[in-house]
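**Q** Take this structure first; my questions come after.
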Amino acid sequence: MSDIHLIIDGAVAELRLDNPAKMNALTVEMLRALKAHLDRIERDVEIRCVLVTAEGDRAFCTGADINGWGDLSPAQFARHWVRDGHRIFDRLARLSKPTIAALNGHAFGGGLELAAACDLRVMAPGASLALPEAGVGIVPGWSGTQRLMRLLPEPMVKEMALFGHRVKAERALAVGFVAAVSDDPRAAAQTLIDRALGLSPRAVEITKSMIHVAAGEDRGAMAEALGSAAISASEDRAEGVTAFREKRKPNFSGL
Numbered sequence: 032m033s034d035i036h037l038i039i040d041g042a043v044a045e046l047r048l049d050n051p052a053k054m055n056a057l058t059v060e061m062l063r064a065l066k067a068h069l070d071r072i073e074r075d076v077e078i079r080c081v082l083v084t085a086e087g088d089r090a091f092c093t094g095a096d097i098n099g100w101g102d103l104s105p106a107q108f109a110r111h112w113v114r115d116g117h118r119i120f121d122r123l124a125r126l127s128k129p130t131i132a133a134l135n136g137h138a139f140g141g142g143l144e145l146a147a148a149c150d151l152r153v154m155a156p157g158a159s160l161a162l163p164e165a166g167v168g169i170v171p172g173w174s175g176t177q178r179l180m181r182l183l184p185e186p187m188v189k190e191m192a193l194f195g196h197r198v199k200a201e202r203a204l205a206v207g208f209v210a211a212v213s214d215d216p217r218a219a220a221q222t223l224i225d226r227a228l229g230l231s232p233r234a235v236e237i238t239k240s241m242i243h244v245a246a247g248e249d250r251g252a253m254a255e256a257l258g259s260a261a262i263s264a265s266e267d268r269a270e271g272v273t274a275f276r277e278k279r280k281p282n283f284s285g286l
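This note's numbering puts the first residue of the sequence shown at 32, with every later residue one more than the last.
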């Protein structure tokens, strides 16, 4: 059994971290399960929103389980642990459906990077954010110094990464990193999800891609996705497919 579960309830998919004994620290198995769940979510047209949650009330996720990477060789650490995690978090960030992380507790290291890969975040008042990697001799490897720099002021990222400072919920709210601070982050996140479910799913998907392009996030891939979406509804595409199947020259209209 993986320690990250996919629960689908109608149009909402919940990704739930379930490793509370280790503060929901991420393992290799959890990363693999997350990738598989994200692939399934992307293919399911009935799913319109994604909620990322965690078991327990102490931590959303305190990062990567040191037992999972502590004995890896330098090559294994760089090529697999870091790169695989980075790719999977990028997959979450590029998901076509809106995503919300409900931070029931602390989000440190990889846990903060996981939350940052979501579109919105809701945070419990007693929770805090941190980038403690330097304390164990490593650096943020899953977008902590990249994606977070687009979401937080540079001095705040430096406080966490260079000085070991923790950022509390109220300050995260003040700079817009979290959408709300609530004693019940899951319920607050559900309120946002309910609003999203009242909107056009196709319009939301395209708008999300447009926002990411404007923010400079993987512009090439996003531009291709938008172009492919636009051409998919054209008469020329239909004509091209029909002509190929009928083994004739296509008669394109430009429509």
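Built from N, CA and C at the ideal position, the CB exists for glycine as well.
#1: Where does residue 128 land, buried or exposed, given buried means 16+ other C-beta within 10 angstroms?
#2: Can you have a look at residue 83 and say buried or exposed, based on whether 16 or more other CB atoms are within 10 angstroms of its CB?
#3: Using alpha carbons as the reference points, say which of 125, 118, 153 and 126 lies closest to residue 133.
#4: Measuring alpha carbon to alpha carbon, tell me which of 125, 195 and 284 ends up nearest residue 244.
#5: In angstroms with no decimal places, state the Cα-to-Cα distance between residue 64 and residue 39.
#6: May I ask you to report which of helix, strand or coil DSSP gives residue 128?
#7: Have a look at residue 268 and residue 211 and give me their C-alpha separation to the nearest angstrom.
#8: Rounded to whole angstroms, what's the CA-CA distance from residue 184 to residue 277? Just pull it up for me.
#9: Tell me which residue opens and which closes the beta strand (DSSP E) that residue 84 is part of.
#10: What residues match up with residue 138 in a beta bridge as DSSP calls it?
#11: Pull up the distance between the alpha-carbon of residue 287 and that of residue 280, whole angstroms please.
#12: For residue 44, which beta-bridge partners are listed by DSSP?
#13: Would you call the CB atoms of residue 155 and residue 102 closer than 8 Å?
#14: By Cβ distance, which residues of its chain are closer than 7 Å to residue 45, with the 5 residues on each side in sequence left out?
#15: Which partner residues of residue 154 appear in the DSSP bridge assignment?
#16: Can you say whether residue 216 is buried or exposed, counting buried as having 16 or more other CB atoms within 10 angstroms of its CB?
#17: Could you tell me if residue 116 is buried or exposed, where buried requires 16 or more neighbouring beta carbons within 10 angstroms of its beta carbon?
#18: Skipping 5 residues on each side, what residues in its chain have a beta carbon closer than 6 Å to that of residue 47?
#19: Near residue 266, which residues of its chain fall below 8 Å by C-beta distance, leaving aside the five closest residues on each side in sequence?
#20: Is the beta carbon of residue 151 less than 8 Å from the beta carbon of residue 223?
#21: Based on Cα-Cα distance, which residue from 262, 89, 274 and 230 lies nearest to residue 79?
#22: Report yes if the C-beta distance between residue 157 and residue 87 is below 8 Å; otherwise report no.
#23: Taking all protein chains shown into account, decide if residue 262 is buried (16 or more other Cβ within 10 angstroms of its Cβ) or exposed.
**A** So, from the listed chains and residues:
#1: By one-based count along the sequence shown, residue 128 stands at place 97. Per the 10 Å Cβ criterion, buried.
#2: To locate residue 83, count along the sequence shown from 1; it is residue 52. Buried, by the Cβ-count rule.
#3: Locating residue 133 in the sequence shown gives position 102, counting from the first residue. If we check each option's Cα against that of residue 133, 153 comes out closest.
#4: Translated into positions along the sequence shown, residue 244 becomes position 213. Considering only alpha carbons, the answer is 125.
#5: Within the sequence shown, the letter at position 33 stands for residue 64. Within the sequence shown, the letter at position 8 stands for residue 39. Our two residues, residue 64 and residue 39, have alpha carbons roughly 15 Å apart in a direct line.
#6: As a working note, residue 128 is residue 97 in the sequence shown. Here residue 128 sits in coil by DSSP.
#7: Against the sequence shown, residue 268 aligns to sequence position 237. Against the sequence shown, residue 211 aligns to sequence position 180. The straight-line gap from Cα to Cα measures roughly 44 Å.
#8: For the purposes of this step, residue 184 is taken as the residue at position 153 of the sequence shown. For the purposes of this step, residue 277 is taken as the residue at position 246 of the sequence shown. Taking the straight line joining both Cα atoms gives about 57 Å.
#9: Along the sequence shown, read from residue 1 onward, the residue named residue 84 stands at position 53. Unbroken beta strand (DSSP E) run through residue 84: 80-85.
#10: For the purposes of this step, residue 138 is taken as the residue at position 107 of the sequence shown. Answer by DSSP bridge pairing, in chain order: 92 and 160.
#11: The structure shown does not extend to residue 287, since the chain spans only 32 to 286, so no value can be given for it.
#12: Start at 1 with the first residue of the sequence shown, and residue 44 comes out as number 13. Answer by DSSP bridge pairing, in chain order: 39 and 81.
#13: Counting from one through the sequence shown, the residue named residue 155 turns up at place 124. Counting from one through the sequence shown, the residue named residue 102 turns up at place 71. No, these two residues do not count as a Cβ contact at 8 Å.
#14: In the sequence shown, counting from the first residue as 1, residue 45 sits at position 14. Excluding five sequence positions before and after residue 45, the CB atoms of its chain that fall closer than 7 Å to its own CB belong to 38, 82 and 84, given in chain order.
#15: Taking the first residue of the sequence shown as position 1, residue 154 is located at position 123. Bridge partners of residue 154: 134 and 212.
#16: Your numbering for residue 216 matches position 185 in the sequence shown. Burial call: buried.
#17: Counting from 1 along the sequence shown, the entry for residue 116 is found at position 85. Flag for residue 116 reads buried.
#18: Along the sequence shown, one-based indexing puts residue 47 at 16. Counting only residues of its own chain and dropping the five nearest sequence neighbours on each side, residue 47 has a CB closer than 6 Å to the CB of 36 and 84.
#19: In the sequence shown, counting from the first residue as 1, residue 266 sits at position 235. Excluding sequence neighbours, residue 266 sits near 284 and 286.
#20: Translated into the one-based positions of the sequence shown, residue 151 becomes position 120. Translated into the one-based positions of the sequence shown, residue 223 becomes position 192. Yes, the Cβ-Cβ distance between residue 151 and residue 223 is below 8 Å.
#21: In the sequence shown, the residue the question calls residue 79 occupies position 48. The option with the nearest alpha carbon to residue 79 is 230.
#22: What you label residue 157 is simply residue 126 of the sequence shown in a count that begins at 1. What you label residue 87 is simply residue 56 of the sequence shown in a count that begins at 1. Their beta carbons are not under 8 Å apart, which means residue 157 does not touch residue 87 by this criterion.
#23: Residue 262 sits at position 231 when you count from the first residue of the sequence shown. Result: exposed.
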